[in-house]
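A.B. asks: These protein sequence lines map, in sequence, to chains C and W.
Counting from 1, position 125 in the first sequence corresponds to residue 125 in the numbering used here; the numbering is continuous, with no gaps.
Counting from 1, position 317 in the second sequence corresponds to residue 1317 in the numbering used here; the numbering is continuous, with no gaps.
For each residue, glycine too, the CB sits at the ideal point set by N, CA and C.
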Amino acid sequence: MVLKINHISKNFGGISALTDVSFSINEGEIYGLIGPNGAGKTTMFNLITNIFSPSSGEIIFKEDNITGIKPHKITEKGICRTYQNIRLFSQMSALENVMVGGHCRSESGVMRSVFRTRYQRSEEKTLKENAEELLEIVGLIKYKDVLAENLAYGQQRRLEIARALASDPSLLLLDEPAAGMNENETDSLFDLIKQVQARGITVLIIEHDMPLVMKLCDRITVLNFGEKLAEGTPLEIQNNEAVIEAYLGKEEEDDIA
Amino acid sequence: MLGELLNPYQLQIASFVLINIILAISVYVTLSSGQLSLGSAGFMGIGAYTSALVTIHFEFPIIVGVLVGAVVAGILGILIGIPALRLSGVYLAIATLGLGEVIRVIFVNWESLTNGAVGISNIPQIGREIVFTTRDLGFNATSLGLQNNQFASLSVFLILFVLNIFIIWFIVRQKNSRVGRAFSAIQLDEKAAESMGINVTYYKVLSFAQGAVLAGLAGALFAHVMGYISPSDFAYHRAVEILIFTVFGGSEVIVGSVFGAAFLTLMPEVLRFISEYRYIIYGVLLVILMAVRPQGIIDANILKRLKRSKGGDVHGS
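So this is what it looks like as structure tokens:
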């Protein structure tokens, strides 16, 4: 078990964004988190990465209770994420963005950096080579010196994934990676996520593109109004009546007829 | 003859340019992690008073006094930097401006130590010390064809020049490294930087403290170049002046700070012949610049273009 969400609730003032949600993710899985807008999916990501703390419940990552520890420590432990509304370092080149991702896997401080010790130089070289390899994987190596803000939308999404991978995570959180992508881009995103899985990384993905989710995920949890509606394989979810109702509404005409 | 070329007055202006460059870099370093601090005048004052007092009362050598001044300013920078983390943007600017005023008021009112508004005079001067020391060693400036005051001003200038080169080298090296990338990541998107594993607290306090050390260092040097300091040297208009150096020159790149400090220090001197109008020109220039080029005179694009036109190496380190 990589991640265990244990009876998590989150209230903002009087509004409850998540109520008593539990699920767990096995190693090597691609796990989907779906639900209508406002169901609390991104809130769940923010709780896992501790952008804010849960009101109750706990989050267990590889047998460690990571509830409430600082976000950068969580990244060090091996969880990294992307954002629904892309948050790249806009004024940095693609390469630099990915190198920043490697920050917590390197350690040269001010003195080593200023005096360019042998250790620092070899570390910097490794960081750069890793970053270039990741850019190669996401297909952006040609654009390594281009500022992140000048990349096309789909490229920015892929760059964000490369940056997250640079932190060498064992669990990758993807927040709507296919949003705004065309069919070709979505197809290559599918391949990319499969490649990530092949590297032994567990993936938790929020996505609205249902064909992609059904094709990609091993298991899925459905959230609705902050509560867990269903959990199961794509096939089970597709045939779950509560889920169909949440997405499409009740078939009232049939009742009348 | 060398002696006829060196004008102590011009050398002193040049020394002030170099001190102001250090001050501008202190703002640049803090800004590079996204923190707008107006506390530089306060930290400058801490460095100046600390160094002046320890050299006068404990008879520390000037170099030790300057280092103590910079370190004390740095420690204060860490102490202020930690609570300042809660603030950002204009709120941080106002809070640090307030800090500077508090420091100045302490200088004015702690009369037993600081001599109040009158200030401290008879601070050991770097130039004089060098002349005396070299004379004791049997070296005479006249053998270079220089008078003593020329020799004094020249050595002050050279010391400051070497120090400037070292500081710029240090900051540039730091910028092109893991630490520098962490600073810019925080500046560009603090939340994203944090979720990429960057310890935002550590790096923000680090850059704030580095700014404080540089301002303290500049203040201590100022004290030992002038020989006289008073609280009004470190009032809020000084803080604003330092900020303008950096913003005018361009706060994205270190060259901007160097250029801004040099240009804005020299301009009033060059315009001395129209003395009563020169600060009007200064003001008008700032208004035009902010309207036309809010990023400052020099930015990353200009540097890139300059490098390309020279056909030189694009990856300067």
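Could you list which residues in chain C have their beta carbon closer than 7 Å to that of W/Q1174, in chain order?
C.D. replies: Here residue 1174 of chain W refers to the residue found at position 174 of the second sequence. Within chain C, the residues near W/Q1174 are V110, S113 and V114.
A.B. asks: Within a Cβ cutoff of 7 Å, which residues of the same chain sit near W/L1158, ignoring the five residues on either side of it in sequence?
C.D. replies: Reading the second sequence from its first residue, position 158 is the one you call residue 1158 of chain W. There are no such residues.
A.B. asks: W/I1183: which of W/R1238, W/Q1035 and W/S1026 sits nearest, CA to CA?
C.D. replies: To locate residue 1183 of chain W, count along the second sequence from 1; it is residue 183. Just to set this straight, residue 1183 of chain W is Phe in the shown sequence, not Ile. It is W/Q1035.
A.B. asks: Cβ of C/A242 within 8 Å of Cβ of C/L223?
C.D. replies: Locating residue 242 of chain C in the first sequence gives position 242, where the first residue counts as 1. Locating residue 223 of chain C in the first sequence gives position 223, where the first residue counts as 1. Contact: no.
A.B. asks: Verify the CB distance criterion: does W/K1191 have a CB-CB separation below 8 Å to chain C?
C.D. replies: As a first step, residue 1191 of chain W is located in the second sequence; it is residue number 191 there, counting from the start. Closer than 8 Å to some Cβ of chain C, the Cβ of W/K1191 qualifies, so yes.
A.B. asks: Which whole-angstrom value describes the C-beta separation of C/T202 and C/S170, a residue pair presumed to lie in contact below a C-beta threshold of 8 Å?
C.D. replies: Here residue 202 of chain C refers to the residue found at position 202 of the first sequence. Here residue 170 of chain C refers to the residue found at position 170 of the first sequence. Correct: roughly 6 Å between the Cβ atoms.
A.B. asks: Quick check on W/G1197: does DSSP put it in helix, strand or coil?
C.D. replies: Against the second sequence, residue 1197 of chain W aligns to sequence position 197. Note: W/G1197 maps to coil in three-state DSSP.
A.B. asks: Could you check what DSSP says for C/T202 in three-state terms: helix, strand or coil?
C.D. replies: On the first sequence, position 202 is the one that residue 202 of chain C refers to. Three-state result, C/T202: strand.
A.B. asks: Mind reading off the beta-carbon distance from W/E1190 to W/I1013? Whole number of angstroms is fine, and I expect it under 8 Å.
C.D. replies: For the purposes of this step, residue 1190 of chain W is identified with residue 190 of the second sequence, where counting begins at 1. For the purposes of this step, residue 1013 of chain W is identified with residue 13 of the second sequence, where counting begins at 1. Their Cβ separation, rounded to whole angstroms, is 40 Å, which puts W/E1190 and W/I1013 out of contact at 8 Å.
A.B. asks: Looking at the structure shown, is W/G1142 part of a helix, part of a strand, or coil, going by DSSP?
C.D. replies: Numbered from 1 along the second sequence, position 142 holds the residue referred to as residue 1142 of chain W. Residue identity differs from the one stated: residue 1142 of chain W is Thr in this sequence, not Gly. Helix.
A.B. asks: Whole angstroms are fine: how far does the CA of C/G78 sit from the CA of W/N1020?
C.D. replies: Position 20 of the second sequence, counted from the first residue, corresponds to residue 1020 of chain W. Position 78 of the first sequence, counted from the first residue, corresponds to residue 78 of chain C. Cα to Cα, the separation comes out at about 45 Å.
A.B. asks: Is there a Cβ from chain C that is less than 8 Å from the Cβ of W/M1226?
C.D. replies: Here residue 1226 of chain W corresponds to residue number 226 of the second sequence, with the count starting at 1. So, not an interface residue.
A.B. asks: Could you tell me if C/Q120 is buried or exposed, where buried requires 16 or more neighbouring beta carbons within 10 angstroms of its beta carbon?
C.D. replies: Counting from 1 along the first sequence, the entry for residue 120 of chain C is found at position 120. That one is buried.
A.B. asks: Around the C-beta of C/Q156, are 16 or more other C-beta atoms found within 10 angstroms, so that it is buried, or is it exposed?
C.D. replies: On the first sequence, position 156 is the one that residue 156 of chain C refers to. Under this definition C/Q156 is a buried residue.
A.B. asks: Answer yes or no: does any C-beta atom of chain C fall closer than 8 Å to that of W/A1185?
C.D. replies: As a working mapping, residue 1185 of chain W is identified with position 185 in the second sequence. By this cut-off, W/A1185 is an interface position.
A.B. asks: With H, G and I counted as helix, E and B as strand and the rest as coil, what does DSSP make of W/V1240?
C.D. replies: One-based indexing of the second sequence puts residue 1240 of chain W at position 240. Three-state DSSP puts W/V1240 in a helix.
A.B. asks: Residues of chain W with CB under 8 Å from C/R87, in chain order?
C.D. replies: On the first sequence, position 87 is the one that residue 87 of chain C refers to. Ordered by position in chain W, the residues that pass the 8 Å Cβ test against C/R87 are D1189, K1191 and A1192.
A.B. asks: Taking buried to mean at least 16 other C-beta atoms within 10 Å of its own C-beta, is W/A1193 buried or exposed?
C.D. replies: By 1-based counting over the second sequence, the position of residue 1193 of chain W is 193. Result: buried.
A.B. asks: Among W/R1308, W/E1111 and W/Y1279, which residue has its Cα nearest to the Cα of W/P1231?
C.D. replies: The residue given as residue 1231 of chain W occupies position 231 in the second sequence. The candidate whose alpha carbon is nearest that of W/P1231 is W/E1111.
A.B. asks: Look at W/H1224 and W/P1061 and say whether their C-beta atoms are less than 8 Å apart.
C.D. replies: Here residue 1224 of chain W is taken as the residue at index 224 of the second sequence, counted from 1. Here residue 1061 of chain W is taken as the residue at index 61 of the second sequence, counted from 1. No, they are not a contact pair.
A.B. asks: According to DSSP, which residues form a beta bridge with C/V222?
C.D. replies: Counting from 1 along the first sequence, the entry for residue 222 of chain C is found at position 222. DSSP, once it has assigned bridges, lists C/I34 and C/A230 as partnering C/V222.
A.B. asks: Does the beta-carbon distance from W/R1135 to W/G1045 come in below 8 Å?
C.D. replies: By one-based count along the second sequence, residue 1135 of chain W stands at place 135. By one-based count along the second sequence, residue 1045 of chain W stands at place 45. Cβ distance not < 8 Å, so W/R1135 and W/G1045 don't count as in contact.
A.B. asks: May I ask you to report which of helix, strand or coil DSSP gives C/C104?
C.D. replies: Locating residue 104 of chain C in the first sequence gives position 104, where the first residue counts as 1. Helix, per DSSP.
A.B. asks: Spell out the partners DSSP gives C/E58 in its beta bridges.
C.D. replies: The residue given as residue 58 of chain C occupies position 58 in the first sequence. C/E58 pairs with C/N6.
A.B. asks: Identify the residues that DSSP records as bridge partners of C/N11: which are they?
C.D. replies: One-based indexing of the first sequence puts residue 11 of chain C at position 11. Beta-bridge pairing links C/N11 to C/S16.
A.B. asks: Buried or exposed for W/G1316, please, with buried defined as at least 16 other CB atoms from any protein chain shown within 10 angstroms of its CB.
C.D. replies: Along the second sequence, read from residue 1 onward, the residue named residue 1316 of chain W stands at position 316. With a pLDDT of only 41 at W/G1316, under the threshold of 50, the placement of this residue in the model should not be trusted; the figure read from the coordinates follows. Exposed, because fewer than 16 other Cβ atoms sit within 10 Å of the Cβ of W/G1316.
A.B. asks: Counting only Cβ pairs nearer than 9 Å, list the residues of chain C close to W/S1177.
C.D. replies: On the second sequence, residue 1177 of chain W is found 177 positions in, with the first residue counted as 1. Residues of chain C passing the Cβ test: S108, V110, R112, S113, V114, R116, Q120 and E124.
A.B. asks: Counting only beta-carbon separations shorter than 8 Å, does W/F1157 have a partner in chain C?
C.D. replies: For the purposes of this step, residue 1157 of chain W is identified with residue 157 of the second sequence, where counting begins at 1. So no, W/F1157 is outside the interface.
A.B. asks: Could you compute how far the alpha carbon of C/L18 sits from the alpha carbon of C/S56?
C.D. replies: Sequence index remark: in the first sequence, residue 18 of chain C carries index 18 (1-based). Sequence index remark: in the first sequence, residue 56 of chain C carries index 56 (1-based). One C-alpha to the other measures close to 10 Å.
A.B. asks: At least one CB of chain C closer than 8 Å to the CB of W/S1033: is that the case?
C.D. replies: Looking up residue 1033 of chain W in the second sequence gives position 33. Not closer than 8 Å to any Cβ of chain C, the Cβ of W/S1033 fails to qualify, so no.
A.B. asks: Helix, strand or coil: how does DSSP classify W/D966 here?
C.D. replies: The first residue shown for chain W is 1001 and the last is 1317, placing residue 966 of chain W beyond what the model contains.
A.B. asks: Would you mind sorting W/G1312 into buried or exposed? The rule is 16 or more other CB atoms within 10 Å of its CB.
C.D. replies: One-based indexing of the second sequence puts residue 1312 of chain W at position 312. Caution applies to W/G1312, whose pLDDT of 49 falls short of 50 and renders its modelled position unreliable; the value that the coordinates give is listed next. W/G1312 should be labelled exposed.
A.B. asks: So, does the CB of W/R1181 fall closer than 8 Å to a CB anywhere in chain C?
C.D. replies: Working through the second sequence from its first residue, we reach residue 1181 of chain W at position 181. Interface residue, yes.
A.B. asks: Just to confirm, are W/V1205 and W/I1078 a CB contact at a threshold of 8 Å?
C.D. replies: As a first step, residue 1205 of chain W is located in the second sequence; it is residue number 205 there, counting from the start. As a first step, residue 1078 of chain W is located in the second sequence; it is residue number 78 there, counting from the start. In contact: W/V1205 and W/I1078 (Cβ atoms closer than 8 Å).
A.B. asks: Name, going along the chain, the residues of the stretch 201-230 of chain C whose beta-carbon falls closer than 7 Å to a beta-carbon of chain W.
C.D. replies: Flagged: no residues at all.
A.B. asks: Below 7 Å CB to CB, which residues in the same chain sit around W/V1172 once its five sequence neighbours on both sides are set aside?
C.D. replies: Locating residue 1172 of chain W in the second sequence gives position 172, counting from the first residue. I1254.
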